[in-house]
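*Asks:* Take a look at this one; I'll ask things after.
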Amino acid sequence: MFNIISKIKYAYIFSGTLTVLSLLALLIWGLKFDIDFTGGTRMQIQYVDAVPANQEVENDLKDLGLKSLIIQPSGNNQMLIRYASEDDTINQEVFQKISEKYPGATQLRVDYINASVSQELKSKSLWAIVYAVIGIMAYIAWAFRKVSRPVESWKYGAGAVIALVHDVLITTGVFSLLGHFYAVEVGVPFIAALLTILGFSVHDTIVVYDRTRENLIRSSGKEKFPEIVNKSLNETLVRSINTSLTVIITLLAIYIFGGESIKFFSLALLVGVTFGTYSSIFVASALLVSIYNWQSKK
Amino acid sequence: MTIREKLKIKFALVILLALIAGLISYPQITAKIPVVNNILNRPKINLGLDLQGGIHMEYKADTSKVDSGKVTEAMQAVQDVISRRVNAFGVAEPVVYATKSGSENRLIVELAGVKDIESAKKMIQETPFLEFKEEGEPDHSKDIPQDVLDKYNAEAKAKAQGILQKALAGEDFAQLAKDNSEDPGSKENGGDLGFAKSGMFVPEFDKVLFEGNLKDGEIYPQLVETQYGWHIIKKIEQRGEGDSLEVHGAHILIMKKSNDTQNAEPTFVSTGLTGKNLKSASVTFQSQGLSEPQVSLKFDDEGTKLFADITKKNLGKQVAIYLDGQVISAPTVQSEITSGEAVITGKFTIDQAKELVKRLNEGALPVPITLVGQQSVEASLGQISLEKSLKAGIIGLVLVIIFMLLYYRFLGLIASVALLIYTGIMVSLFKLSGFTPWSITLTLPGIAGFVLSIGMAVDANILIFERTKEEVRRGRKILAAVDEGFKRAWTSIRDGNASSIITALILIEFGTGFVKGFAVTLVIGVLVSMFTAVMITKTILNFILGDWIENKLWLIGAKKKDV
Numbered sequence: 003m004f005n006i007i008s009k010i011k012y013a014y015i016f017s018g019t020l021t022v023l024s025l026l027a028l029l030i031w032g033l034k035f036d037i038d039f040t041g042g043t044r045m046q047i048q049y050v051d052a053v054p055a056n057q058e059v060e061n062d063l064k065d066l067g068l069k070s071l072i073i074q075p076s077g078n079n080q081m082l083i084r085y086a087s088e089d090d091t092i093n094q095e096v097f098q099k100i101s102e103k104y105p106g107a108t109q110l111r112v113d114y115i116n117a118s119v120s121q122e123l124k125s126k127s128l129w130a131i132v133y134a135v136i137g138i139m140a141y142i143a144w145a146f147r148k149v150s151r152p153v154e155s156w157k158y159g160a161g162a163v164i165a166l167v168h169d170v171l172i173t174t175g176v177f178s179l180l181g182h183f184y185a186v187e188v189g190v191p192f193i194a195a196l197l198t199i200l201g202f203s204v205h206d207t208i209v210v211y212d213r214t215r216e217n218l219i220r221s222s223g224k225e226k227f228p229e230i231v232n233k234s235l236n237e238t239l240v241r242s243i244n245t246s247l248t249v250i251i252t253l254l255a256i257y258i259f260g261g262e263s264i265k266f267f268s269l270a271l272l273v274g275v276t277f278g279t280y281s282s283i284f285v286a287s288a289l290l291v292s293i294y295n296w297q298s299k300k
Numbered sequence: 305m306t307i308r309e310k311l312k313i314k315f316a317l318v319i320l321l322a323l324i325a326g327l328i329s330y331p332q333i334t335a336k337i338p339v340v341n342n343i344l345n346r347p348k349i350n351l352g353l354d355l356q357g358g359i360h361m362e363y364k365a366d367t368s369k370v371d372s373g374k375v376t377e378a379m380q381a382v383q384d385v386i387s388r389r390v391n392a393f394g395v396a397e398p399v400v401y402a403t404k405s406g407s408e409n410r411l412i413v414e415l416a417g418v419k420d421i422e423s424a425k426k427m428i429q430e431t432p433f434l435e436f437k438e439e440g441e442p443d444h445s446k447d448i449p450q451d452v453l454d455k456y457n458a459e460a461k462a463k464a465q466g467i468l469q470k471a472l473a474g475e476d477f478a479q480l481a482k483d484n485s486e487d488p489g490s491k492e493n494g495g496d497l498g499f500a501k502s503g504m505f506v507p508e509f510d511k512v513l514f515e516g517n518l519k520d521g522e523i524y525p526q527l528v529e530t531q532y533g534w535h536i537i538k539k540i541e542q543r544g545e546g547d548s549l550e551v552h553g554a555h556i557l558i559m560k561k562s563n564d565t566q567n568a569e570p571t572f573v574s575t576g577l578t579g580k581n582l583k584s585a586s587v588t589f590q591s592q593g594l595s596e597p598q599v600s601l602k603f604d605d606e607g608t609k610l611f612a613d614i615t616k617k618n619l620g621k622q623v624a625i626y627l628d629g630q631v632i633s634a635p636t637v638q639s640e641i642t643s644g645e646a647v648i649t650g651k652f653t654i655d656q657a658k659e660l661v662k663r664l665n666e667g668a669l670p671v672p673i674t675l676v677g678q679q680s681v682e683a684s685l686g687q688i689s690l691e692k693s694l695k696a697g698i699i700g701l702v703l704v705i706i707f708m709l710l711y712y713r714f715l716g717l718i719a720s721v722a723l724l725i726y727t728g729i730m731v732s733l734f735k736l737s738g739f740t741p742w743s744i745t746l747t748l749p750g751i752a753g754f755v756l757s758i759g760m761a762v763d764a765n766i767l768i769f770e771r772t773k774e775e776v777r778r779g780r781k782i783l784a785a786v787d788e789g790f791k792r793a794w795t796s797i798r799d800g801n802a803s804s805i806i807t808a809l810i811l812i813e814f815g816t817g818f819v820k821g822f823a824v825t826l827v828i829g830v831l832v833s834m835f836t837a838v839m840i841t842k843t844i845l846n847f848i849l850g851d852w853i854e855n856k857l858w859l860i861g862a863k864k865k866d867v
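Protein sequences appear in the order of chains A and B.
Take any residue in the first sequence, note its place counting from 1, add 2, and you have its number in the numbering used here.
Take any residue in the second sequence, note its place counting from 1, add 304, and you have its number in the numbering used here.
Here you go:
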């Protein structure tokens, strides 16, 4: 049996550092929002021959006075063009300019989001996160309503929520970093990934807590609470790792083979699931013990 | 019934379910039995626009000018009009529906497999535009400047002169005509015009041919200028006398250019009378019986007055009726019309007339709409996405199975069988949902959710197996250990999955395309996997396991410990 609980300190230092770094990254760099949240147009153009130089396309489009224009080639004679757009007519003009200059060019994909829709997506995303957090907390409180000795059920809930905030913060921090250095943007799919991480992280934590609950009921009272938690952690360790492994395997398959458009969605899930597994072992349960120790000292 | 008999029935049911799911998800296996294959091929997975290519458009309706009580009605009308326009576009199964987003009214239009996105958008948003125009000043804007014309004509004349010299020098006239003549009617025959009587040609031409004193086979030694250009004329032969004299001639024509104002199309200018002044349109016939159909228009009060003014002002002149910028009829006004009624007599077929009347009556949308969001994916890109994500799914599935086999050995094999059944059931559900009102549309994120659910589906099995191994280590008999494993793991499975379901349901409620597609497959996946991992695995294990395995515990990767 590993004495995981005795290593709490290191876990706290590790998690604390990562959380603080993530918060700092978010405060300094923030997230790079994509058109889902800023509004605008993203156009993927397929050229017949080689892709023209960015500068050249920029010149072609100069007359249109596009704001925050970003042009990047994307392999296979394709090019991504992004710009702020107020209405749809500008999209037609942009493509007209391109197809006049480069005959045969086609629009592989066009996403256009008007400012009013992006505002709405923003508020919807926020509400979805709020509802998810409330829903998860209510669920945890309900699931652990019967455990109250020696740590009350709401404290399990608090532990689970802290672990969950930890997972979500670190995932967001990673994307703040990616956004700053690799111009990776976050949109609605990222929010979907965060919510899925919420569900998964709690799922993992609940399995560990469940075992603690079971062992508590079984224990004759001879064992101390930290020992029971440690035992439960050990008993569920293989399961936690194996479950996460199978999920990580499938996510890696999507990340590597699934194509460009769901790449960063699966990456967000990968980061979140990995930290979710870690936190259900080293954060959620550790917190229970810390709470217990703190209570006994009083 | 003994327990064993019950178990046999359960096991048979599992086999049956596996067979059905397998056949529905992979009907190719029955390719040699056409009857069965035909039935099994009927259910199809409903692919999202991002996988089959298509365009999703979101319009905002400006209902600020509509009474608040009538907004729903107006939105229904918009939806109907757009539906009709889209249907006319010939897209398979277009989707058009009105929806609300906060306080805004929205209209969603989805067209699958549309190649020309721009014209589709035009079709949706543009009202058929009917306009009455009256004659205006001839249009000189397109005239070619005189100096350009002169230069062009001088070059043409020089060219003609050159050809004349060649012809006179004895080069083959027919070949010269073939190579150079700009008279499309005679060029290919070597300029041959056949026998003709005097008066058949323009006077200058006629004069040379009939009064030029040419011998048979002789070429007129000068260029002849007519309104068409410059001619090189050859007389081949003649027959008859007097009034019945016919000359067989040939010519080479080099055309000239001019601004021929007399033959120009009359230009029309707007009168201010348009389709918005229309009260109704209907198909009528010129006389009783099935004669040529025409479209009768009835104007509103303002339109009646305008139309009366126009007809009064343009007596004896043409008034043109334009539809979407094209002239469809330009009758000459015979008298002032004050009744507010007009008739369009194009050369309509009955269907065309009906279509036009329908479009005119649909008229403008009751509320204006603007495009606020659009996602379009070209079909080839959709195909690539589909192939890539399916490949990712298969690789993920195979890797999970390999992992389970390596780690849990025999139990892993059973879990893998359950996982395959799970995959079959999911694919079958996607296919069969098309026959229910709850049709599932599979999108790219949906496939991602499905693949993710494969990884999560084995979670329940892992929980159960770990528990079973623990119980074996504690000294239980294998069947009892399996039983205990299922019993004890169940609460964890239930509680754990509940949290995933809660967040997925919130995602579905959240509702945009990407998120919804992902969350729906995830929820279904979690629910189905609970069933397969618990019910199916348990049945198979109970059926197969027995005392025989007590001495082969390595098969399940566990060692018995002395307790």
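Ideal placement from N, C-alpha and C gives every residue a C-beta, glycine not left out.
Owing to the predicted nature of the structure, the values given are computational and were not obtained by experimental measurement.
Taking N127/A as the reference, which of L179/A, L20/A, F35/A and Y141/A has the closest Cα?
*Replies:* As a first step, residue 127/A is located in the first sequence; it is residue number 125 there, counting from the start. For the record, residue 127/A in the displayed sequence is Ser; it is not Asn. With distances taken between Cα atoms, S127/A lies closest to F35/A.
*Asks:* Is the number of C-beta pairs between the region 269–283 of chain A and the region 241–251 of chain A that are closer than 8 Å three or more?
*Replies:* Touching, per the Cβ criterion.
*Asks:* Any C-beta of chain B sitting closer than 8 Å to the C-beta of K126/A?
*Replies:* For the purposes of this step, residue 126/A is taken as the residue at position 124 of the first sequence. Yes, contact with chain B.
*Asks:* Give me the Cα-Cα distance between L29/A and Q380/B, rounded to the nearest whole angstrom.
*Replies:* Taking the first sequence and counting its residues from 1, one reaches residue 29/A at position 27. Taking the second sequence and counting its residues from 1, one reaches residue 380/B at position 76. Distance between the alpha carbons of L29/A and Q380/B is about 47 Å.
*Asks:* Roughly how many angstroms lie between the CA atoms of Y257/A and K265/A, to the nearest whole one?
*Replies:* Stepping through the first sequence from its first residue, residue 257/A is reached at position 255. Stepping through the first sequence from its first residue, residue 265/A is reached at position 263. Near 5 Å, if we compare the C-alpha coordinates of K265/A and Y257/A.
*Asks:* With burial defined as no fewer than 16 other Cβ atoms inside 10 Å of the residue's Cβ, what is the status of E475/B: buried or exposed?
*Replies:* Working through the second sequence from its first residue, we reach residue 475/B at position 171. E475/B is exposed by the Cβ-count criterion.
*Asks:* If you drop the 5 nearest sequence neighbours on each side, which residues of the same chain put their C-beta closer than 7 Å to that of N567/B?
*Replies:* Residue 567/B sits at position 263 when you count from the first residue of the second sequence. Because the pLDDT at N567/B is just 46, under 50, the model does not fix this residue reliably, and the value given afterwards should be weighed accordingly. Closer than 7 Å at Cβ, skipping near neighbours: no residue.
*Asks:* Chain B beta carbons: is any one of them nearer than 8 Å to that of A134/A?
*Replies:* Taking the first residue of the first sequence as 1, we reach residue 134/A at position 132. Answer yes: the Cβ-Cβ gap between A134/A and chain B drops below 8 Å somewhere.
*Asks:* Indicate, with yes or no, if the ligand NAP has a heavy atom lying under 7 Å from the CB of E377/B.
*Replies:* The ligand content of the structure shown is nil, which means the ligand NAP is not present either.
*Asks:* I'd like to know if P672/B contacts chain A, where contact means its C-beta is closer than 8 Å to some C-beta of that chain.
*Replies:* The sequence position of residue 672/B within the second sequence is 368, counting from 1. Not an interface residue.
*Asks:* Assuming the contact rule is C-beta atoms closer than 8 Å, S120/A and G41/A should be a hit. Round their C-beta distance to whole Å, please.
*Replies:* To locate residue 120/A, count along the first sequence from 1; it is residue 118. To locate residue 41/A, count along the first sequence from 1; it is residue 39. Going by Cβ atoms, the distance from S120/A to G41/A rounds to 4 Å, so yes, they are a contact pair.
*Asks:* Could you give the residue range of the alpha helix (DSSP H) that holds K539/B?
*Replies:* For the purposes of this step, residue 539/B is identified with residue 235 of the second sequence, where counting begins at 1. Unbroken run through K539/B is the beta strand (DSSP E), G533 to R543; no alpha helix (DSSP H).
*Asks:* What residue range is occupied by the uninterrupted beta strand (DSSP E) comprising P597/B?
*Replies:* Indexing the second sequence from 1 puts residue 597/B at position 293. P597 to F603 is the span of the beta strand (DSSP E), which, as asked, contains P597/B.
*Asks:* Considering only residues of the same chain and omitting the five flanking positions on each side of L527/B, which have a CB-CB separation below 8 Å?
*Replies:* Along the second sequence, one-based indexing puts residue 527/B at 223. Correct list, in chain order: K461, A464, Q465, L468, W534, H535 and I536.
*Asks:* Closer than 6 Å by C-beta to N295/A: which residues in its own chain qualify, once you throw out the five before and the five after it? Chain order, please.
*Replies:* The count along the first sequence starts at 1 and reaches residue 295/A at position 293. Result list for N295/A: empty, nothing under 6 Å.
*Asks:* Near G516/B, what residues of its chain come up, given a Cβ to Cβ distance below 6 Å and the 5 sequence neighbours on each side ignored?
*Replies:* Residue mapping note: residue 516/B aligns to position 212 of the second sequence, counting from 1. Excluding sequence neighbours, G516/B sits near Y524.
*Asks:* Does the region 203–211 of chain A come close enough to the region 318–331 of chain B that 3 or more CB-CB pairs lie under 8 Å?
*Replies:* Verdict: no, contact absent.
*Asks:* Taking only beta-carbon positions, decide if I766/B is within less than 8 Å of chain A.
*Replies:* Here residue 766/B refers to the residue found at position 462 of the second sequence. Closer than 8 Å to some Cβ of chain A, the Cβ of I766/B qualifies, so yes.
*Asks:* For I349/B, collect the residues of the same chain with a Cβ closer than 7 Å to its Cβ; drop the 5 residues on either side in sequence, then sort them by chain order.
*Replies:* Indexing the second sequence from 1 puts residue 349/B at position 45. Correct list, in chain order: F734, K735 and L746.
*Asks:* Can at least three beta-carbon pairs, one atom from the region 333–350 of chain B and one from the region 708–721 of chain B, be found at a separation below 8 Å?
*Replies:* No contact exists between the region 333–350 of chain B and the region 708–721 of chain B.
*Asks:* Would you say A802/B and Y141/A are within 8 Å of each other, going by their C-beta atoms?
*Replies:* Looking up residue 802/B in the second sequence gives position 498. Looking up residue 141/A in the first sequence gives position 139. Against a cut-off of 8 Å, the Cβ pair of Y141/A and A802/B comes out as a contact.
*Asks:* What do you reckon, are the CB atoms on G829/B and G753/B nearer than 8 Å?
*Replies:* Numbered from 1 along the second sequence, position 525 holds the residue referred to as residue 829/B. Numbered from 1 along the second sequence, position 449 holds the residue referred to as residue 753/B. For G829/B and G753/B, yes; Cβs fall inside 8 Å.
*Asks:* Any beta-carbon of chain B closer than 8 Å to the one on F35/A?
*Replies:* For the purposes of this step, residue 35/A is identified with residue 33 of the first sequence, where counting begins at 1. Not closer than 8 Å to any Cβ of chain B, the Cβ of F35/A fails to qualify, so no.
*Asks:* So I699/B contacts chain A; which residues on that side make the cut at Cβ distance below 7 Å?
*Replies:* Mapped onto the second sequence, residue 699/B falls at position 395. Per Cβ cutoff of 7 Å: A255 and F259.
*Asks:* On the criterion of 16 or more Cβ atoms from any shown chain inside 10 Å, does L710/B qualify as buried, or is it exposed?
*Replies:* The count along the second sequence starts at 1 and reaches residue 710/B at position 406. Counting Cβ neighbours within 10 Å, L710/B comes out exposed, since fewer than 16 surround it.
*Asks:* Assuming F477/B and A554/B make a contact with CB atoms under 8 Å, what is their CB distance in whole Å?
*Replies:* Along the second sequence, one-based indexing puts residue 477/B at 173. Along the second sequence, one-based indexing puts residue 554/B at 250. Right, the Cβ-Cβ distance comes to about 6 Å (below 8 Å), so this counts as a contact.
*Asks:* At which residues does the alpha helix (DSSP H) containing F734/B begin and terminate?
*Replies:* On the second sequence, position 430 is the one that residue 734/B refers to. Taken as a continuous stretch (DSSP letters only), the alpha helix (DSSP H) holding F734/B covers A683 to L736.
*Asks:* Pick out whichever of L166/A, R84/A and Y184/A has its Cα sitting closest to the Cα of I136/A.
*Replies:* Your numbering for residue 136/A matches position 134 in the first sequence. The shortest C-alpha separation from I136/A is found at L166/A.
*Asks:* Helix, strand or coil: which one does DSSP assign to S282/A?
*Replies:* Here residue 282/A corresponds to residue number 280 of the first sequence, with the count starting at 1. S282/A: helix per DSSP, three-state reduction.
*Asks:* What is the C-beta distance between I301/A and N56/A, in whole angstroms, given that I count them as a contact (C-beta under 8 Å)?
*Replies:* Outside the shown range of chain A (3 to 300) lies residue 301/A, about which nothing can therefore be said.
*Asks:* Leaving out five residues before and five after Q383/B in sequence, what residues of the same chain have Cβ atoms less than 8 Å from its Cβ?
*Replies:* For this step, residue 383/B is matched to residue 79 along the second sequence. If we look at Q383/B and ignore the five residues flanking it on each side, its Cβ neighbours are V400, Y401, A402 and L411.
*Asks:* Give the DSSP-derived three-state secondary structure of G496/B in the structure shown.
*Replies:* As a position in the second sequence, residue 496/B is number 192, starting the count at 1. According to the sequence shown, residue 496/B is Asp rather than Gly. If DSSP states are grouped into helix, strand and coil, D496/B belongs with the strands.
*Asks:* Can you name the residues of chain B whose CB is closer than 7 Å to the CB of L247/A?
*Replies:* Looking up residue 247/A in the first sequence gives position 245. F707, listed in chain order.
*Asks:* Looking at the secondary structure, which residues open and close the beta strand (DSSP E) in which T588/B lies?
*Replies:* On the second sequence, residue 588/B is found 284 positions in, with the first residue counted as 1. Its beta strand (DSSP E) spans residues L582 to F589.
*Asks:* Report yes if the C-beta distance between I115/A and M81/A is below 8 Å; otherwise report no.
*Replies:* The count along the first sequence starts at 1 and reaches residue 115/A at position 113. The count along the first sequence starts at 1 and reaches residue 81/A at position 79. In this structure, M81/A does not lie closer than 8 Å to I115/A by Cβ.
*Asks:* Mind checking whether N79/A and Y49/A have CB atoms under 8 Å apart?
*Replies:* Locating residue 79/A in the first sequence gives position 77, counting from the first residue. Locating residue 49/A in the first sequence gives position 47, counting from the first residue. Yes, these two residues count as a Cβ contact at 8 Å.
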